Amino acid sequence: MHRLATLAFLVAAGTLAAKAGEVCLTCDAPSASYRCVVEQPSEKYKLGGDVEQEICTKVLAKQGQHQKCQVTPVPDGGQCAGTAKTVTLADFQRVAGNAGESTYQEGAFEVARRNVHDTWLCVSSMFKDC
221 MHRLATLAFL VAAGTLAAKA GEVCLTCDAP SASYRCVVEQ PSEKYKLGGD
271 VEQEICTKVL AKQGQHQKCQ VTPVPDGGQC AGTAKTVTLA DFQRVAGNAG
321 ESTYQEGAFE VARRNVHDTW LCVSSMFKDC
(Lines of atoms letter the chains of each structure in order from A and count residues from 1; the text may use other names and numbers.)
(Lines give C-alpha, C1' and ligand atoms only; values in the text may rest on other atoms or scores of the structure.)
Protein backbone atom coordinates (compact mmCIF):
# COMPACT_ATOMS: atom_id res chain seq x y z
CA MET A 1 0.00 0.00 0.00
CA HIS A 2 2.83 2.37 0.91
CA ARG A 3 4.63 1.60 -2.37
CA LEU A 4 1.46 2.24 -4.36
CA ALA A 5 0.98 5.64 -2.70
CA THR A 6 4.61 6.56 -3.36
CA LEU A 7 4.32 5.49 -7.00
CA ALA A 8 1.11 7.52 -7.44
CA PHE A 9 2.80 10.58 -5.94
CA LEU A 10 5.83 10.26 -8.24
CA VAL A 11 3.64 9.88 -11.34
CA ALA A 12 1.54 12.91 -10.35
CA ALA A 13 4.64 15.00 -9.60
CA GLY A 14 6.20 14.00 -12.92
CA THR A 15 3.16 15.03 -14.94
CA LEU A 16 2.87 18.33 -13.09
CA ALA A 17 6.55 19.10 -13.61
CA ALA A 18 6.21 18.41 -17.32
CA LYS A 19 3.38 20.92 -17.63
CA ALA A 20 4.81 23.50 -15.23
CA GLY A 21 6.47 25.56 -17.96
CA GLU A 22 3.55 25.35 -20.38
CA VAL A 23 1.18 28.30 -20.74
CA CYS A 24 -2.23 27.88 -22.38
CA LEU A 25 -3.44 30.87 -24.40
CA THR A 26 -6.53 31.76 -26.40
CA CYS A 27 -6.34 34.68 -28.80
CA ASP A 28 -9.03 36.76 -30.50
CA ALA A 29 -9.23 38.42 -33.91
CA PRO A 30 -8.21 36.05 -35.53
CA SER A 31 -9.06 33.35 -33.00
CA ALA A 32 -6.46 30.72 -32.15
CA SER A 33 -5.22 28.73 -29.18
CA TYR A 34 -1.63 27.99 -28.28
CA ARG A 35 0.52 25.89 -25.95
CA CYS A 36 3.39 28.21 -25.24
CA VAL A 37 6.73 27.32 -23.68
CA VAL A 38 9.31 29.99 -22.88
CA GLU A 39 12.87 28.88 -23.57
CA GLN A 40 14.76 29.37 -20.31
CA PRO A 41 17.95 31.44 -20.64
CA SER A 42 19.96 29.10 -18.41
CA GLU A 43 19.69 26.72 -15.51
CA LYS A 44 20.95 29.44 -13.19
CA TYR A 45 18.20 31.94 -14.00
CA LYS A 46 14.67 30.55 -14.19
CA LEU A 47 11.70 32.66 -15.19
CA GLY A 48 8.61 32.52 -13.00
CA GLY A 49 5.06 31.65 -14.01
CA ASP A 50 3.77 35.22 -14.23
CA VAL A 51 6.75 36.32 -16.31
CA GLU A 52 6.30 33.37 -18.68
CA GLN A 53 2.60 34.20 -19.07
CA GLU A 54 3.38 37.84 -19.88
CA ILE A 55 6.07 36.89 -22.41
CA CYS A 56 3.85 34.34 -24.15
CA THR A 57 0.86 36.68 -24.24
CA LYS A 58 2.74 39.61 -25.76
CA VAL A 59 4.87 37.67 -28.24
CA LEU A 60 2.12 35.43 -29.62
CA ALA A 61 -0.34 38.33 -29.88
CA LYS A 62 2.20 40.25 -31.96
CA GLN A 63 3.46 37.32 -34.05
CA GLY A 64 -0.02 36.02 -34.83
CA GLN A 65 -1.36 39.56 -35.40
CA HIS A 66 -4.06 38.95 -32.79
CA GLN A 67 -5.96 41.77 -31.19
CA LYS A 68 -5.80 40.18 -27.74
CA CYS A 69 -4.43 37.03 -26.12
CA GLN A 70 -5.20 35.78 -22.62
CA VAL A 71 -4.11 32.91 -20.42
CA THR A 72 -6.64 30.11 -20.03
CA PRO A 73 -6.58 27.56 -17.22
CA VAL A 74 -5.86 23.93 -18.10
CA PRO A 75 -8.81 21.67 -17.27
CA ASP A 76 -8.15 19.09 -14.53
CA GLY A 77 -6.58 16.00 -16.01
CA GLY A 78 -6.61 17.63 -19.42
CA GLN A 79 -4.08 19.02 -21.77
CA CYS A 80 -3.68 22.39 -23.31
CA ALA A 81 -5.40 22.44 -26.70
CA GLY A 82 -3.71 24.38 -29.43
CA THR A 83 -0.62 24.79 -31.52
CA ALA A 84 2.68 24.27 -29.70
CA LYS A 85 4.92 27.35 -29.78
CA THR A 86 8.33 27.99 -28.23
CA VAL A 87 9.17 31.60 -27.41
CA THR A 88 12.57 33.08 -26.51
CA LEU A 89 13.56 36.21 -24.63
CA ALA A 90 14.94 37.60 -27.90
CA ASP A 91 11.42 37.34 -29.38
CA PHE A 92 10.07 39.31 -26.43
CA GLN A 93 12.76 42.00 -26.83
CA ARG A 94 11.91 42.36 -30.52
CA VAL A 95 8.21 42.74 -29.71
CA ALA A 96 8.90 45.28 -26.95
CA GLY A 97 11.29 47.18 -29.21
CA ASN A 98 8.73 47.47 -32.00
CA ALA A 99 6.21 49.05 -29.63
CA GLY A 100 8.06 52.36 -29.81
CA GLU A 101 9.86 51.78 -26.52
CA SER A 102 13.56 52.51 -26.70
CA THR A 103 15.87 50.23 -24.77
CA TYR A 104 18.92 52.43 -25.48
CA GLN A 105 20.16 54.61 -22.65
CA GLU A 106 23.05 57.02 -23.12
CA GLY A 107 26.04 56.23 -20.97
CA ALA A 108 27.80 58.73 -18.73
CA PHE A 109 30.86 58.78 -21.01
CA GLU A 110 28.75 59.74 -24.05
CA VAL A 111 26.98 62.52 -22.13
CA ALA A 112 30.31 63.91 -20.85
CA ARG A 113 31.84 63.78 -24.35
CA ARG A 114 28.89 65.67 -25.83
CA ASN A 115 28.97 68.30 -23.06
CA VAL A 116 32.71 68.91 -23.47
CA HIS A 117 32.26 69.24 -27.24
CA ASP A 118 29.38 71.72 -26.83
CA THR A 119 31.40 73.73 -24.29
CA TRP A 120 34.40 73.87 -26.64
CA LEU A 121 32.20 75.14 -29.49
CA CYS A 122 30.77 77.81 -27.21
CA VAL A 123 34.18 79.01 -25.94
CA SER A 124 35.91 78.86 -29.34
CA SER A 125 33.15 80.97 -30.94
CA MET A 126 33.66 83.63 -28.25
CA PHE A 127 30.28 82.73 -26.75
CA LYS A 128 28.37 83.41 -29.97
CA ASP A 129 27.42 79.75 -30.57
CA CYS A 130 26.11 78.72 -27.15
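Residue numbers (the numbering used here): 221 to 350.
Glycine included, each C-beta is placed from N, C-alpha and C at the ideal position.
Predicted model, so just to flag it, every value in this text is computed and none were measured.
In this structure, the straight-line span from the alpha carbon of M346 to that of G317 is close to 43 angstroms. If the five residues before and after G284 are omitted, its C-beta is found closer than 7 angstroms to the C-beta atoms of C247 and A252, all from its own chain and listed in chain order. The region 252–270 makes contact with the region 300–309, as at least three CB pairs between them are under 8 angstroms. The region 275–291 and the region 306–316 touch, with three or more beta-carbon pairs separated by less than 8 angstroms. Sorting V291, Q287 and E263 by C-alpha distance to the C-alpha of V271 places V291 at the top. D296 and Q287 have their C-alpha atoms some 28 angstroms from each other.
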